[in-house]
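Okay, structure first, notes after.
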Amino acid sequence: MIELLQITKKFPNQTTPAVDLLSLSIPAGEICVLVGPSGCGKSTTLRMINRMIEPTSGIIKINGEDVKNTNSDQLRMGIGYVIQQIGLLPHRTIAENIAIVPRLYKWPKDKIKKRVEELIVMMGLDLEKTWGKYPSQLSGGQMQRVGVARAMAVDPPIMLMDEPFGAVDPIARTHLQDEFLRLQKEIKKTIVFVTHDINEAIKMGDKIAIFDAGKLVQFGTPEEILTNPINDFVENFIGHDRVVKKLNLFHVEEAMQPVGCMVRENELHSAAVKMKAVGAEVAFLLNETGKTYGHITLTDFKDCQDNIESLRKMVQRTKKAFVQTSTSLPDALSLLLEYDVDYLGILKGEKLLGMLSFKDIRKHVYRKEGD
Numbered sequence: 424m425i426e427l428l429q430i431t432k433k434f435p436n437q438t439t440p441a442v443d444l445l446s447l448s449i450p451a452g453e454i455c456v457l458v459g460p461s462g463c464g465k466s467t468t469l470r471m472i473n474r475m476i477e478p479t480s481g482i483i484k485i486n487g488e489d490v491k492n493t494n495s496d497q498l499r500m501g502i503g504y505v506i507q508q509i510g511l512l513p514h515r516t517i518a519e520n521i522a523i524v525p526r527l528y529k530w531p532k533d534k535i536k537k538r539v540e541e542l543i544v545m546m547g548l549d550l551e552k553t554w555g556k557y558p559s560q561l562s563g564g565q566m567q568r569v570g571v572a573r574a575m576a577v578d579p580p581i582m583l584m585d586e587p588f589g590a591v592d593p594i595a596r597t598h599l600q601d602e603f604l605r606l607q608k609e610i611k612k613t614i615v616f617v618t619h620d621i622n623e624a625i626k627m628g629d630k631i632a633i634f635d636a637g638k639l640v641q642f643g644t645p646e647e648i649l650t651n652p653i654n655d656f657v658e659n660f661i662g663h664d665r666v667v668k669k670l671n672l673f674h675v676e677e678a679m680q681p682v683g684c685m686v687r688e689n690e691l692h693s694a695a696v697k698m699k700a701v702g703a704e705v706a707f708l709l710n711e712t713g714k715t716y717g718h719i720t721l722t723d724f725k726d727c728q729d730n731i732e733s734l735r736k737m738v739q740r741t742k743k744a745f746v747q748t749s750t751s752l753p754d755a756l757s758l759l760l761e762y763d764v765d766y767l768g769i770l771k772g773e774k775l776l777g778m779l780s781f782k783d784i785r786k787h788v789y790r791k792e793g794d
């Protein structure tokens, strides 16, 4: 756990503190995102944790121990640090860059080699093609992965990340975010993550700390902040689309409903009768192998006037309208619009677990909004 107790930092010739009486507790194993406009004190706060900058007053504790009682070099060697500029040494290979801290710890060569290989593979990089290359031979996204690998080299329990994905293109950035969140589920580091992007904060953070002019304005989970912004500054910083942003917090399995009606492919002509009998608006169809391949609604029957060929065309239009349980609600909403369908089938592997409609998404978000 990281605790900041009444931390203030005032630089020389500065009329107001860069950080002003900040108190914050970051639980072990969580990602805490510091977010706010430029100059609000978030990066200064990050650097005070590993004593790159010393606070003017206040106490910073890691696992109950005041960091001032630890040698600053030893403290930094035990904390992973990732910055936007990455900071790889250009004259050293990727393997040598990752091995910097293990060498400072005087690890045996075999242990260093094994750890570097593990990290290159863990970061989704090709071991043979990456090992002996120099930073200039990699893309921005690849270099950023190497920066994260270097920070994790000695398996530190804490990682500090200062806009780590800000220098890469949007597609690479999304991929890096997704990969890091997947990795965090396994490694469970305590991470302090700085960004100016509220969307990144919502996606990455277990907790979000919103700063303005050196002061902590609001601290809470993404859902708490999106549901109950504390003042006009937070509401404006989040944006007026906060309900849409809130969709990013949920997956389809949280909003889906049970499938009320399933029919075989050769029963398509009588599907409307079966739907009415069970009070369902939609039926999902199974082929001869028992696999779902589309759906049909009562409205489709009315529009097609029970013409079997027209109904088959309707079903074909929905054959892609299936997603896995881990799909986010924004992605599901996008697919409902893209496929021009009223329902998505929700799968786990190939098994149909439920279904999702526009109405289900709306009900879920507003039920959460009212909690």
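Heads up: the sequence shown begins at 424 in my numbering, then just goes up one per residue. Just so it is clear, CB atoms sit at the ideal spot from N, CA and C, and this is done for glycine as well.
DSSP beta-bridge partners of residue i
i	result
Y766	S780
A632	L457, F642
F375	The structure shown does not extend to residue 375, since the chain is modelled only from 424 to 794, so the question has no answer here.
V746	I769
Burial state of residue i, where buried means 16 or more other Cβ atoms lie within 10 Å
i	result
D794	Confidence is the limiting factor: at D794 the pLDDT is only 49, short of 50, which leaves the residue's position unreliable and the question unanswerable from this model.
I535	buried
D549	exposed
D592	exposed
K432	buried
E623	buried
H787	buried
F434	exposed
N436	exposed
G462	exposed
G637	buried
K782	exposed
Y789	exposed
Whether residue i touches residue j by CB criterion (8 Å)
i	j	result
I523	V569	no
I425	I482	no
L779	L760	no
L604	M575	no
G702	K742	no
P513	P558	yes
P440	H619	no
C727	V615	no
L498	V490	yes
E488	T613	no
V640	I621	no
R740	L709	no
L649	P753	no
Unbroken beta strand (DSSP E) run spanning residue i, endpoints
i	result
K432	425-432
R687	685-687
M584	581-585
G503	502-506
L561	That residue, L561, is in no beta strand (DSSP E); it is neither H nor E in DSSP.
T613	613-618
Q680	Element bounds for Q680: n/a, residue is neither H nor E.
Residue i Cβ short of 7 Å to the ligand COA heavy atom set
i	result
G462	Inclusion of the ligand COA in the displayed structure is not the case, the ligand content being empty and no account of it being possible.
Boundaries of the alpha helix (DSSP H) in which residue i is found, first to last residue
i	result
K484	Segment 480-485 is the beta strand (DSSP E) holding K484; no alpha helix (DSSP H) there.
F656	655-661
D601	593-610
Q739	731-740
V701	694-701
V577	Run containing V577: none; DSSP gives neither H nor E here.
T390	Lying before the first or after the last residue shown, residue 390 is absent from the chain, which here runs from 424 to 794.
R470	465-472
N622	621-627
Checklist entry - Which whole runs of the alpha helix (DSSP H) in the stretch 486-557 are 4 residues long or more, in chain order? => result 495-500, 517-521, 523-527, 532-545, 550-554
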